[in-house]
């Protein structure tokens, strides 16, 4: 994923004082720069914290090493926004689905955002919903163009992750 002109990923982690299996690690340039998650129950009990307390920690030394981020130019043409919900196995990560959508969507994909995760599908499946934003630098996109790009993104996700388009 990309944010603030940095390539980054999030993965599951086990790192004290977080609860095993309920911790995530933010990785930039191959280095863990932050952790977030639910605090371990022993720590909660020791310090009298509310049950299921969460915390986020950033390694400030990693920030000092980062480059100055220049703002990107705002497009003058209108954006076309499409939502897509996909059903995948629980073992498939949102990052894997996002990468597949991004690979299939084409060069006019401006951004992709995960906005919903629904895990009450059953049979070991979850639903992941994304907003795809498309924009051409020189013209307004037609509905047909946007539909074609969305369909290509869905096909790429189907091939890469076994995703199925959620229809209802």
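Numbering (our numbering), first residue to last: 22 to 189. Glycine included, each C-beta is placed from N, C-alpha and C at the ideal position.
Bounding residues of the beta strand (DSSP E) (the contiguous stretch that carries residue 41): 39-49
Going straight from the alpha carbon of residue 95 to that of residue 106, what length do you get? 27 Å
Indicate the three-state DSSP secondary structure (helix, strand or coil) for residue 70 in the structure shown. coil
Would residue 73 be called buried (16 or more neighbouring beta carbons within 10 Å of its own) or exposed? exposed
Rounded to whole angstroms, what is the Cα-Cα separation between residue 143 and residue 129? 35 Å
Residue 53, DSSP secondary structure in three states: strand
Can you give me the Cβ contacts of residue 171 inside the same chain, cut-off strictly under 7 Å, excluding the 5 residues immediately before and after it? 103, 105 and 153
Tell me the residue span of the alpha helix (DSSP H) that contains residue 131. Segment 130-143 is the beta strand (DSSP E) holding residue 131; no alpha helix (DSSP H) there.
Pop quiz: residue 187 and residue 65 are said to be a contact at Cβ under 8 Å. What is the actual Cβ separation, rounded to whole angstroms? With 8 Å as the limit, residue 187 and residue 65 do not qualify as a contact, their Cβ atoms being about 36 Å apart.
Which residues in the same chain as residue 30 place their Cβ atom closer than 6 Å to its Cβ, once the five residues preceding and following it in sequence are excluded? 48
Tell me whether the beta-carbon of residue 58 lies closer than 8 Å to the beta-carbon of residue 75. yes
Could you name the residues of the same chain whose beta carbon sits closer than 6 Å to that of residue 174, not counting the 5 residues immediately before and after it, in chain order? 122, 125 and 126
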